[in-house]
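Visitor:
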Amino acid sequence: MRRIVRAFFTYSCLQSVPRHPSRGSHQRHRRAALLLAWLVLFGPPLNDSIAGEPAAPPKRQTASITLRFVSWKPDHPRVWDEALAEFTKTHPDISVVRELAPHSSTAYHDLLTQKLKNRDATVDVFFMDVIWVPEFAEAGWARRLDERFTPALREEFLPATIEVGRYADHFYGVPSRIDAGLLYYRSDLLTKYGFPPPTTWDELARQAETIVEGEQPRNPTLRGYTAQFKQYEGLVCNMLEFIDSHGGSLLTADGTHSALAKPEALAAVQFVRDRVIGRLASRAALTYQEPESLSVFLQGHAVFHRNWPYAWELANNQTRSTVAGQVAVMPLPGFTPGRTTAALGGWLYGISAYSQHPDEAWALIEFLSSQAMQKKFTQEAGIAPSRQSLFSDPDLLAAAPQLRNHFAVLRSATARPRSPLYPAISHALQRYFSRALAIDDLDLAHEATVADAQINRLLSLTEPVP
Amino acid sequence: MNHASLILRHREKLAAWTMVAPALLVTMLFALYPVLDSLWLSLHNIYIGLPQLGSPFIGPDNYLTLVRDPVAQQALAVTLAFVVLSTLLELSCGLIIALVIHERFRGRGLVRAAILIPWAIPTVVASQLWRYIFNDQYGYANLLLFGEHVTDYVPWLAYPGVAFGIVVLADVWKTSSFAALLILAGLQVIPDDLYDAARVDGATAWQRFWHITLPLLKPALLLALLFRTMDAFRVFDLVFVMTQGGPGDATQVLQFYGYQTLFTEGRIGYGSAVSVAVFLMILALSLTYLRAIGSSLLERRQP
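If you read the sequences in order, they're chains A and B. Sequential numbering from 132 applies to the first sequence in this note's numbering. Sequential numbering from 707 applies to the second sequence in this note's numbering.
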């Protein structure tokens, strides 16, 4: 391509040389220009350093390798910068170039997979959302890590995070962090009204009603609950929690069929539609992703809030939150006491199948997922670690006591459907849920059947993922 | 014709071809090739996540699925509603703007420049702007309507119909000035004598507008209509930034559906079929318009 541009450039440059008076010489001139252009186009390659691209630098004694790490835009960029700087210090022969992609999981997915579809060799290390592993494995984008990620190493991580990185008995991802849905609440308000932390949605709704009514004169914008109900991936997580804790599920147990039209699942969706949207939570929740819903809570406009572990640090951050110190966290309620579901989220490190430096890439992953680094990320970026031992690390627990509460939830979190076609399945789910919640007088049972049919068609294209 | 002039002709032809060759090449490479490639891909069944399926040729199957796909039908309905509404509003607003800035008044240059500002703002920025304006908590729309009564604040984008209306509004705000520019050009070629003559005959301002301005503006209006319809048909960025197709698919348009199937879901064959379908619809529309514009130009030439 560069050649064509150059040839065209050569031709047009020479064409624009001032014309000579005699016609013959002009003709000769043009022919010469054409000839040169053809030469540039099809002749031997020009020395690139002359034509614009810098030539490769002469090799030094120690071959330095550049790793490319495609990452989303982190919440705490300083922590990541420091981590990478330390890696370069301990590995002087490897330099890491980070390419920042959008923060949103779907936007990051689209950018990253676009590169991988093109077999882009300039991607070495990337993040995988826990829902992408089957797709990345089937498409051949992620390298198998079976030999490097040994059974002994795998034992050190939470089993759920290892499971999501596995596909058909091969391992593709090293857990970076784990996420699960948690219930944040205003401990000051619950204490004031003498309520214990709620264990069922009914209880939560009753408490919220009383508190909102009681606080009306002081805080007229206070609502009971805020969470993520926009038409996007997070909606699937929120609804999975309602459906699963109601005894339903997104797919049948064998993973071959969609189960949205089952009575338990329907009743859970009905509950969110009738009791949550526009009642317990503002209807605005239909436009909320994590940041918007969190900001409502941080400004003191909600009693209860569903979010991932990262919200803890922000909720108690004096400069970002008006309710710092008045926030507690617990497992999400269920429909019967004791039955609670948290959607499993989180990120894994993967190595591109097209990377030319898998050894160095592995060194980077080993470093970033090490005990010390996970501790740093937990303390300074407020995310939940994926290494089991950190949950009983006295230092870390002293600095981040909330981990003690998180542990049980994180360990038993429920994964979303596992399929190489998950993005398509997710779109069908998002569509169904969003329509169910946003459109009045919708025939839920009919919508659920339509969504079931769409998802079943997708599932029929693949074997169920073990 | 003698031999020498034949050679000259031949040479001229050669020169002409040499000159248009780069443009032709670029057009082929960047316009024709992708379209043909999409067409070719749309006849295959390709799932990027399932390479073991291969990419079997399935003929028109993707198109048959597309016609029966309820999501595509919904997206088509939303797209058509968007095209009709936004184009009509843009032409009306554009006509009004053009008539105003066609008049002579103090500061006209400034007004003309100011009117072009929305069009000069990148769509992504404009979409973000409108999303903020209709934010449920700190949006300007709520502040304007309800002031300090924060409890009355409305979550505009959470209502399917309203969200759709806001996307239309954002598009009208952004591109009316473009329509105005095209119509203004049309206004400027209408000779003043016609108005003078009409005035002498005692025509009212409304009659002058209805019998002179509007008929003579027809080519410009058609041109604006052509551009706006084509643009409205491939609306994407507004939806991508403001609503992601929600709530409840109320703003799901064909181009966004095509993007989702192609880029997020990795259904290359089906996604290509969606985009080829959009392409064919735009092509059909523009051919119809071009024919209409052509005939209206011919009408003008008739004595």
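Glycine included, C-beta positions come from ideal geometry on N, C-alpha and C. Keep in mind the model is a prediction, meaning the values are calculated, not measured.
(1) Since A/M370 is in the alpha helix (DSSP H), which residue starts that stretch and which ends it?
(2) Buried or exposed: A/R562, going by 16 or more other Cβ atoms within 10 Å of its Cβ?
(3) List in chain order: all unbroken alpha helix (DSSP H) runs of 4+ residues lying wholly within the stretch 940–966 of chain B.
(4) Leaving aside the five residues before and after B/H716 along the sequence, list all residues of the same chain whose C-beta is less than 6 Å from its C-beta, in chain order.
(5) Kindly say whether A/A270, judged by its beta-carbon, lies nearer than 8 Å to any beta-carbon of chain B.
(6) Do the CB positions of B/V984 and B/S748 come within less than 8 Å of each other?
(7) Out of curiosity, what's the CA-to-CA distance linking B/L863 and B/A722?
(8) Cα-Cα, which of B/V777, B/V790 and B/F969 is closest to A/A238?
(9) Rounded to whole angstroms, what is the Cα-Cα separation between A/E344 and A/E217?
(10) Less than 8 Å between CB atoms is the rule here; does A/D583 satisfy it with respect to chain B?
(11) Just reading off the alpha helix (DSSP H) that A/S557 is part of, what are its end residues?
(12) List, in chain order, every chain A residue whose beta-carbon is nearer than 8 Å to that of B/Q950.
(13) In the DSSP assignment, find the alpha helix (DSSP H) that holds A/F402 and state where it starts and stops.
(14) Nearest chain B C-beta to A/A474 closer than 8 Å, yes or no?
(15) Return the residues of the stretch 820–831 of chain B that lie within a Cβ-Cβ distance of less than 9 Å from chain A, sorted by chain order.
(16) Go ahead and pull the three-state DSSP assignment for A/E230.
(17) Spell out the partners DSSP gives A/V460 in its beta bridges.
(18) Give every residue of the same chain whose Cβ lies closer than 6 Å to the Cβ of A/I514, excluding the five residues on either side of it in the sequence, and list them in chain order.
(19) So A/E266 contacts chain B; which residues on that side make the cut at Cβ distance below 7 Å?
(20) Can you give me the Cβ contacts of B/T967 inside the same chain, cut-off strictly under 8 Å, excluding the 5 residues immediately before and after it?
(21) Taking buried to mean at least 16 other C-beta atoms within 10 Å of its own C-beta, is A/N178 buried or exposed?
(22) Identify whether A/H488 lies in helix, strand or coil by the three-state DSSP scheme.
(23) Which residue comes first and which comes last in the alpha helix (DSSP H) that contains A/L242?
(24) So does the stretch 729–744 of chain B actually touch the stretch 940–948 of chain B, counting three or more Cβ pairs closer than 8 Å?
(25) For a contact defined as C-beta to C-beta under 8 Å, what are the partners of A/D241 on chain B?
(26) Going by DSSP, name the residue or residues bridged to A/P306.
(27) Would you say B/L920 and B/G892 are within 8 Å of each other, going by their C-beta atoms?
(28) With 16 other CB atoms within 10 Å as the buried threshold, where does A/L289 fall?
(29) One question on the structure: do A/F360 and A/A416 come within less than 8 Å of each other, judged by their Cβ atoms?
(30) Assign A/A473 to one of three DSSP states: helix, strand, or coil.
(31) Quick one: grab the DSSP three-state call for A/I514.
(32) In terms of DSSP beta bridges, what is A/H301 paired with?
(33) Any beta carbon of chain B sitting closer than 8 Å to that of A/R410?
(34) How about A/E594 and B/L756: are their beta carbons less than 8 Å apart?
(35) Between which two residues does the alpha helix (DSSP H) carrying B/S711 extend?
(36) If you follow the alpha helix (DSSP H) that A/A81 is part of, which residue opens it and which one closes it?
Guide: Based on what the coordinates show:
(1) E364 to S376
(2) Taking every protein chain shown into account, the CB of A/R562 has 16 or more other CB atoms within 10 angstroms, so this residue is buried.
(3) 943–948 and 960–965
(4) If we look at B/H716 and ignore the five residues flanking it on each side, it has no Cβ neighbours.
(5) Interface with chain B (8 Å Cβ-Cβ cutoff): A/A270 is included.
(6) No.
(7) 55 Å
(8) B/F969
(9) 53 Å
(10) no
(11) First-last of the alpha helix (DSSP H) with A/S557: Y553 to A569.
(12) K361, Q362 and Y363
(13) P394 to F402
(14) A/A474 does not count as touching chain B.
(15) none
(16) strand
(17) Per DSSP, A/Y315.
(18) The answer, listed in chain order, is R308, Y441 and F508.
(19) G755
(20) Answer for B/T967: R973, Y976, G977 and V980, listed in chain order.
(21) Any answer about A/N178 is weak, because its pLDDT of 40 lies below 50 and its placement is not dependable; what the coordinates show is given next. Classification for A/N178: exposed.
(22) Shown here, A/H488 sits in coil according to DSSP, grouped into three states, outside any helix or strand.
(23) S236 to K248
(24) no
(25) F969 and T970
(26) Looking at the DSSP output, A/P306 shares a beta bridge with A/L479.
(27) no
(28) buried
(29) yes
(30) coil
(31) coil
(32) A/Y298
(33) Interface flag for A/R410 against chain B is unset, since no Cβ pair is found closer than 8 Å.
(34) With a cutoff of 8 Å on beta-carbon distance, A/E594 and B/L756 are scored as not near each other.
(35) H709 to T733
(36) Outside the shown range of chain A, which is 132 to 597, sits residue 81 of chain A, and nothing can be said about it.
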